[in-house]
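What follows is one structure encoded as structure tokens, with my remarks underneath.
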Amino acid sequence: MSPGRIGSMVLRNRIFMSPMGSNLAEPEGYCGQRIASYYAERAKGGAAMVIMGSTGVAWPRGSGNQQQVAVSDDRFIPGLKLVADAVHAHGGKIAMQLQHAGPIAVNEPLQGLPLLVPSVPEDKPFDWPVDLTPQENKDMFEAFFAPGVVISHQEATEDDLEWVIACFASAAIRARTAGMDGVEIHAGHGYLISAFLSPASNRRTDRWGGSLENRARLLVEVIKRVRAAVGPDFPVWFRFDSQEYLLNDGITLQDAIETAKLAQDAGADAVHVSANADKSKGISFSEGHATHFPGHFTANAAAIKAALTIPVICPGRIEPALGERLIAEGKLDFIAMARKLLADPELPNKLGAGRQDLVRPCIYCYTCISQIFLGTHVRCAVNAQTGYESIAPIIPLASQQRRKRVLVVGGGPGGMEAARVAALRGHDVHLHESGGRLGGTVFFSSIVYPENGALITYLARQMEELGVRVHLRSTVTVELARALKPDAIVVATGARRSLIELPGADLPHVFSGDEMREMVTGRYGATLKRKLPLGVRAMIRAGKASGMLESAARIRRLSNYYLPIGKEVVIYGGGLVGVELAEFLAERHRKVTLIEPGPSFGKELMMVRRWRLMDTLRKEKVTLLAGCELLAITPGGVVYRTKNGQEQARKADTVIMAIGAEPSGAALTESLRAVCADVHCIGDAKELGYIDGAIKSGNRLALAL
């Protein structure tokens, strides 16, 4: 957390808010209070530098999305100043990322104009539309296209490039006039400058293509022109791709090192390392700039720093301890965080106070990024205030407001979030959980997707920190609720999942979701006891007695060596639960068939994560059968009807029913109205929404109490 420097600018610590599009601009590219509050919250939380992502230097031309912040005209300066002032009020610095989207611009096709490119791209099939839901297909089409739109391309001429360079320079002047502390030139992620840098997209033979020096010419000229426009004392840096993944002829690390040297010589004060990937592939986003791999860019960043004298900024799922070590070793200068600061804007302050245990974790579900693809604004599955900072702030009770006794029924993420926010506001909160641990079904999901476990750990710690009175193994009845005398009741009992009525569903090799959970915890009833062999029951008892089954992480490790499931598994239900379980079992060398009655797999997952997961399932040779109905289960497998109406059979040692979830809270909610007039049902107890829906509904309900 030591201070740092870029050019003439001194920064209070080494944490940047990495730039990302937010779609929080007002109509016509203006900045208002909503986006100002969004950035101010990260400065208030202690980030040294907030980079305002993807501002359009030529807006509406070259815009990466239709709700983009514009910096193409002086009329936008007052709104930009509002944002800068909001960040400065909390002691932070703010820079503006300058962008021309080039090949990925959205407004040109709508206006019948060609996309500006270095070279006309070759036709290439896209693999990601197949894993979109019908609704997502509709939403993306409406957000970025219109009926009859034809996409065309224009190779940039000398005049075009001179205009682009001038746009960057003029935008930098406006940034300085608005009170920004620096500018970042966006030269990554397949946008215009990145497209010129990449040999995969730049096949020109003039002075703007061919050699590395020629391909870097646009970046170099932009830096020089911007530097001349803003003067020597105004920090100017650039973000670029240290590598292009999934492309045989893309940018290499050595290319990036040489490009960075040229940019440094041109006058750049720092370099912000990132990466790109083949945009025709759905996994490109989680392979490239929004990486799913912890510390993915750090080796490239260290290699680039070794060749330069200017500071290096590195993003990419860097945990604080790793970032601190790499800075101490001189391999990096600054750590950039995007998703982490959406999940917890207070992360820098908490680290500075030595309270990393209070940091709300990002679970890398890609809710934030996926919203942009759907034409809506940024939000976060674990932080319901993100994107709503000025609309739904957590405000403590005023002196004239009555402190209520709030009874929360259920200790899953929705119940704990409702308890957290209610306690933060000043209410007296009592949480009752019928099970022996907090977390609800998310504890079990964290076995197959460990990132979820960190969220439960955080929320459970919040119960302790905020004085929420937690009662485990406590089933709330009307009598118990009456004895507690609550002023408000929140029912957050989650969903229930049971076997559907089907021939063979009661066979011993068939398990419901609830039975899988019983098996994992060792708290199984008579039905599951009948299904499990004596040796398996003995292993489960031993695991329970040793405490092994009390930790999702330990269960996950153990499952690599022992798993009481057959070698050939059929999972019926290809929603979130089914696809995550299929991945988990396939990685443990099971031959998995996933049968889904609907048209799409993993529809509850955000698309960017779904693209990654579906890619993994295909690589693991999971058989994917969509639009198929399970007809019967036999001692040796299953019988199902294909979407073409044919009946087929498939062998299985184990059949898992990952279907049939339904809200569980209606009856209890109604019965508790006899005790209290103010009764609410949230999360999956009311409507299936998983972590995202549970957190948001719990948060909003608590704000209204």
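With the first letter of the sequence shown counted as 1, position 453 gets the number 453 in UniProt numbering; the numbers rise by one all the way through. Note that CB positions come from ideal geometry on N, CA and C, so glycine has one too.
Exclusion of the five residues before and after Ala454 leaves Pro361 as the residues of its chain whose Cβ lies within less than 6 angstroms of its Cβ.
Taking the C-beta atoms as reference points, Gly64 is found nearer than 8 angstroms to Ser54. Just measuring C-alpha positions, the residue of Gly535, Ala260, Asp249, Gly504 sitting nearest Ala303 is Ala260. Shown here for Pro345: same chain residues with a beta carbon closer than 6 angstroms to its own, the five before and five after excluded, namely Glu41, Arg42, Gly45 in chain order. Excluding five sequence positions before and after Gln264, the CB atoms of its chain that fall closer than 6 angstroms to its own CB belong to Leu308, Ile310, given in chain order. Fewer than three pairs of CB atoms, one per stretch, sit closer than 8 angstroms, so the segment 553–570 makes no contact with the segment 311–328. The beta strand (DSSP E) runs lying completely inside the segment 169–199 and spanning 3 residues or more are 182–187, given in chain order.
Residue environment: Gln97 is assigned as buried (16 or more neighbouring CB atoms within 10 Å of its CB, all protein chains considered). The Cβ-Cβ distance between Val408 and Gly415 falls below 8 angstroms. Following the DSSP letters along the chain, one finds Ile691 inside the alpha helix (DSSP H) bounded by residues 690–704. When DSSP states are grouped into helix, strand and coil, Met9 belongs to the strand group.
For Trp237, the enclosing beta strand (DSSP E) stretches over residues 236–245.
Here DSSP, grouped into helix, strand and coil, assigns Ile540 to helix. For a cut-off of 8 angstroms, the C-beta gap from Ile656 to Phe511 is around 5 angstroms, short enough to register as a contact.
Non-local beta-carbon contacts of Asn107 in its own chain, meaning distances under 6 angstroms to residues more than five positions away in sequence, involve Pro60, Ser63 in chain order. A direct Cα-to-Cα measurement between Gly231 and Gln154 gives close to 33 angstroms. Looking only at Ile555, Asn644, Asp269, Ile659, the smallest Cα-Cα distance to Gly575 is reached by Ile659. Residue environment analysis places Ile555 among the buried positions, since at least 16 neighbouring C-beta atoms fall within 10 angstroms of its C-beta. The three-state reading of DSSP puts Thr205 in coil, since its state is none of H, G, I, E or B.
Annotation for Glu136: Leu374, Met607 place their beta carbon closer than 7 angstroms to its own, counting only its chain and skipping 5 residues before and after.
Nearest C-alpha to Gln401 among Ala704, Gly665, Val592: Ala704.
Residue burial is scored here from C-beta neighbours: Gln646 has fewer than 16 other C-beta atoms within 10 angstroms and is therefore classed as exposed. For Pro413, the enclosing alpha helix (DSSP H) begins and ends at 413–425. By the C-beta criterion, the segment 621–629 is judged to be in contact with the segment 583–599, since at least 3 inter-stretch pairs fall below 8 angstroms. In terms of Cβ geometry, Val429 and Val382 do not form a close pair [threshold 8 angstroms].
Between Ile313 and Ala277, the CB-CB gap reaches or exceeds 8 angstroms. Here Gly513 really is in contact with Arg497; their C-beta atoms are around 4 angstroms apart, less than 8 angstroms. With at least 16 other beta carbons inside 10 angstroms of its own, Tyr366 counts as buried. Under the three-state reduction of DSSP, Pro320 is assigned to helix. Note that the segment 68–86 does not touch the segment 155–165; fewer than 3 beta-carbon pairs, one per stretch, sit closer than 8 angstroms. Under the DSSP assignment, Asn300 falls in the alpha helix (DSSP H) whose first and last residues are 298–306. In chain order, Cys628, Glu629, Leu631, Glu647 place their CB closer than 7 angstroms to the CB of Arg641, counting only its own chain and leaving out the 5 sequence neighbours on each side. When beta bridges are read from the DSSP output, Cys681 appears opposite Val491.
Taking 4 residues as the minimum length, the alpha helix (DSSP H) runs contained wholly in the segment 22–95 are 33–44, 77–88, in order along the chain.
Note that the C-beta distance between Leu197 and Phe234 is not below 8 angstroms.
The straight-line gap separating the alpha-carbon atoms of Ser399 and Leu466 is approximately 19 angstroms.
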